[in-house]
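*Asks:* Numbering (full-length UniProt numbering), first residue to last: 1 to 866.
1) Return the chain-ordered list of same chain residues with a C-beta closer than 7 Å to the C-beta of residue 802, the five sequence neighbours on each side being excluded.
2) Kindly indicate which three-state DSSP category residue 432 falls into: helix, strand or coil?
3) On the three-state DSSP scale, how would you describe residue 768?
4) Are there 16 or more other CB atoms within 10 angstroms of the CB of residue 630, so buried, or fewer, so exposed?
5) State the Cα-Cα distance for the pair residue 747 and residue 74, rounded to the nearest angstrom.
6) Taking the runs of the alpha helix (DSSP H) that are 4 residues or longer, which of them lie wholly in the segment 229-314?
7) If I measure Cβ to Cβ from residue 471 and keep anything under 7 Å in the same chain, skipping five residues before and after, which residues do I get?
8) Give the DSSP-derived three-state secondary structure of residue 586 in the structure shown.
9) Is it a yes or a no for the segment 223-239 touching the segment 525-544, going by three-plus beta-carbon pairs under 8 Å?
10) What is the residue span of the beta strand (DSSP E) that residue 683 lies within?
11) Could you give the distance in angstroms between the alpha-carbon of residue 842 and the alpha-carbon of residue 244?
12) To which residues of the same chain is residue 548 closer than 7 Å at the C-beta, ignoring the five residues directly before and after it?
13) Is residue 602 near the ligand FAD, in the sense that its beta carbon is under 8 Å from a heavy atom of that ligand?
14) According to DSSP, simplified to helix, strand and coil, what is residue 795?
15) Compute the distance between the beta-carbons of residue 867 and residue 276, then report whether it is under 9 Å.
16) For residue 609, which residues from the same chain have a beta carbon less than 6 Å from its beta carbon, with the 5 sequence-adjacent residues on both sides left out?
17) Straight-line CA distance for residue 595 to residue 804?
18) Between the segment 403-421 and the segment 353-363, do at least 3 Cβ pairs fall closer than 8 Å?
19) Could you check how far apart the C-beta atoms of residue 411 and residue 249 are, in whole angstroms? I think they sit under 8 Å.
20) Can you tell me which of the three DSSP states residue 672 falls into?
21) Assuming residue 346 contacts residue 389 under a Cβ cut-off of 8 Å, what Cβ separation, rounded to an integer in Å, is found between them?
22) Please report the straight-line C-alpha distance between residue 456 and residue 581, rounded to a whole angstrom.
23) Taking 9 Å as the cut-off, decide whether the C-beta atoms of residue 253 and residue 56 are in contact.
24) For the putative contact between residue 806 and residue 700, defined by C-beta atoms under 8 Å, what is the C-beta separation to the nearest angstrom?
25) Just how far apart, CA to CA, sit residue 271 and residue 311?
26) Once DSSP output is grouped into helix, strand and coil, what is the label at residue 204?
27) Between which residues of its own chain and residue 240 is the CB-CB distance below 6 Å, once the five residues before and five after are set aside?
28) Return yes when the Cβ of residue 325 is within less than 9 Å of the Cβ of residue 397, no when it is not.
29) May I have the straight-line CA-CA distance separating residue 300 from residue 173, to the nearest angstrom?
30) Suppose only complete runs of 3+ residues qualify. What are the beta strand (DSSP E) ranges in the segment 150-220, listed by chain order?
31) Let me know if residue 512 comes out buried or exposed under the rule of 16 or more other beta-carbons within 10 Å of its beta-carbon.
32) From the DSSP output, read off the bridge partner residues of residue 618.
33) Using the Cβ count rule (16 or more neighbours within 10 Å means buried), how would you classify residue 869?
34) With a threshold of 7 Å on Cβ separation, who are the neighbours of residue 552 within its own chain once the five nearest residues in sequence on each side are excluded?
35) Check whether the segment 111-119 touches the segment 474-490, counting contact only when three or more Cβ pairs, one atom from each stretch, lie closer than 8 Å.
36) For a test of the three-state rule: what should DSSP assign to residue 386, helix, strand or coil?
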């Protein structure tokens, strides 16, 4: 049986044309609201043109493939629109994916340039030029006119999980994108304020944002990973959201946090996409929507684009279970066929097959796989097997029942089980492995890994996740691991997934031996067990290593707010990821700058000062190697807490930090360390402590330039800015010359802009969905202020004792033990620890163990009885 809806006309402006038209006729109409920043249509059009002109100037004419690895909603919109105008092929790359995964995509697609706002990408060695679309670009000399794209050429290549362990690209046709735009026009009336959440795939977000522009609407972005669920109900009201597009998972976590009886009078349209919604989702939503509101299920696949929609009106009767996928969108024919490709009877289950001009063009550089999935009908239409199981009812409504193959949806992302299994089998100590999905009581799909260990090895869930984290994005990591003697096999030798133990019946990984201490820890542990669906969690278990992910973090903090007190940012869980750490963090004042990295232990604490990025995530690796008896506190930047500019000087910052340090450890001795900018602050803190008669044990300086040094030349520290120009390469001479022309002080903002990524790369390797956001989330104003504080800083004395300088030999040239100019600032010189490591990775693994050993030695000497 098949159902077709006639094409409802594809004429009309493109998103680029619509943007340009509104920029001319209604320039002040608001196009994007993100993080409190409002961008009008004229300004958006200017940015798109500037980036498009830059791409054309750099790459020349032609349909170049341009990769997009972007985190912010505005960045995705500007970059994707600019690529369209430049005539390029957009290749979105997951900003949460680890570098090894990114390389697989880039090596496959061979882009001409990577547009990225992810911290560290310019220095990741991808072999591709990197351009930040948010950087200051010259205005376009003239409006960029996009070329016509042939119907049989891709407008984008979207990469998804692949069964062989390598991501596979799907070529999106121009007509496929036009169908999405037409669907958006029919779903969203002209000029609505549409709430867009920072979840789901980049490819879906790109198409959605462009389509909203066609309606002349306002895109209102909500960063759920940073803000959590707590502020979202107020956001819906305060931002006057009239329509919202999201994945069902978000709604399932959001609805329990909304007060009973609260409604959102302006929210008339909610579109759910990316994974299968249920009637229960609709019922929960209805309690908070106004009369006449519509809830829509938008069904589609990456291979086909939009397939069907199903609208539920305010007065429609509710059902149970999965929401129907609905009727085909205009221009799409839907069939349900058996294994031989023959149509099945009404109500019978088979494979969903889609035909239309808007179906994708095939897999990128995989002709055999394309032939097995697509059929070119020769009349401009293509036929595509979706791999989805479903049936058509007597009214022609499509019902999707799941998958026929080994593909699952996890938090809105499509995951090939074979892709995860390939990474599992390649992990150290694993002889063989398989992965099975499990749907928990909350309706969320989780992955469980089953492994056999190689002889003489010990595979644990933590060791496996750490290994997989270097290859896979967060949504593809197994939540649990079961070590088995052997994997069940079919007659053909393949793993029989159906015979794997039911994840619901698996024993927990072991009884937790570190029980909670105190009421707060006990309450937190109860919440963790509820959110993660397991009881074998101890006070020192890392949330991210026992099955936590970004959406569960959002839910956890919603539960914490409801049961334990006022809202805190979800990002706190990044810096305090255990029950013990989080309990201390929640007990501290809300404006506290201290982050309890390791709370147990009998020794005097070590206080680690943030680098230019402001966060102290790097202290976690260091803490693990310092041991359980060494308390560690990070000191994060004030603007991360209160959003205000930093204090006016390094001495003022040091005084503020010491005030909070003394609340935790009043008497001393005090152990201090800092990375980069933090090294200068730690040095000043040590001077103030000694001035007040306090004892300083360790002063650890992580690759910081000493006071008065403006840079590093081939012969060492440079105090004269003119020296930065001499002996440098052409690019460095150009940069330094520009700084000198402006004057050193006026050049600080430019220097910060050039160096901002290198200063905050540490976050990228930790690979959490929003860790990479820390560098980007900080304003240029703050980074420039740190540059000015550094140039202005002149200490009033010398440190009484010997400092430990950890030096990156990659950054600072010179013979072994080079003190980088710190010796004159101490009474007893410096000890230098040379490490062949990037500047921003000195305190992270694999280098953290050596730094921790040096720190421990100095701290033990400081507290040893005389």
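Quick reminder that beta carbons are idealized off the backbone N, C-alpha and C, glycines included. Here the structure is a predicted model, which means the values were calculated and not measured.
*Replies:* In terms of the structure at hand:
1) 826, 828, 829, 830 and 831
2) strand
3) Only weak support is given to the placement of residue 768: the predicted model assigns it a pLDDT of 31, under 50, and the value that follows is read from those uncertain coordinates. In this structure, residue 768 counts as coil in the three-state DSSP scheme.
4) By the neighbour-count definition (other C-beta atoms within 10 Å, threshold 16), residue 630 is a buried residue.
5) Caution is warranted here: a pLDDT of 42 is assigned to residue 747, below 50, making its placement in the model unreliable, and no coordinate value can be reported.
6) 232-238, 248-254 and 279-286
7) 98, 100, 101 and 423
8) helix
9) Here the segment 223-239 does not lie against the segment 525-544, with fewer than 3 beta-carbon pairs under 8 Å apart.
10) Boundaries around residue 683 are those of the alpha helix (DSSP H), 677-691, since no beta strand (DSSP E) includes it.
11) 43 Å
12) Here residue 548 has 532 as same chain residues with Cβ atoms under 7 Å from its own Cβ, once five neighbours each way along the sequence are excluded.
13) The ligand FAD is not part of the structure shown, which contains no ligands of any sort.
14) Secondary structure at residue 795: coil, using DSSP grouped into helix, strand and coil.
15) In the structure as shown, the chain starts at 1 and stops at 866, and residue 867 therefore has no counterpart that could be examined.
16) 635, 674, 678, 681 and 682
17) 23 Å
18) no
19) 6 Å
20) strand
21) Not a contact, Cβ separation roughly 16 Å.
22) Between the C-alpha atoms of residue 456 and residue 581 there is a straight-line separation of about 34 Å.
23) no
24) 7 Å
25) 9 Å
26) helix
27) 193 and 266
28) yes
29) Between residue 300 and residue 173, the C-alpha separation is close to 15 Å.
30) 156-160, 168-172 and 193-197
31) Any reading at residue 512 needs caution, since the residue's pLDDT is 49, under 50, leaving its predicted position unreliable; the model's value is listed next. Buried, since its Cβ has 16 or more Cβ neighbours within 10 Å.
32) Looking at the DSSP assignment, residue 618 forms no beta bridge with any residue, so it has no partner.
33) The displayed coordinates of the chain run from 1 to 866. Any statement about residue 869 would go beyond what the structure contains.
34) Cβ neighbours of residue 552 within its own chain (closer than 7 Å, five residues either side excluded): 531 and 532.
35) no
36) strand
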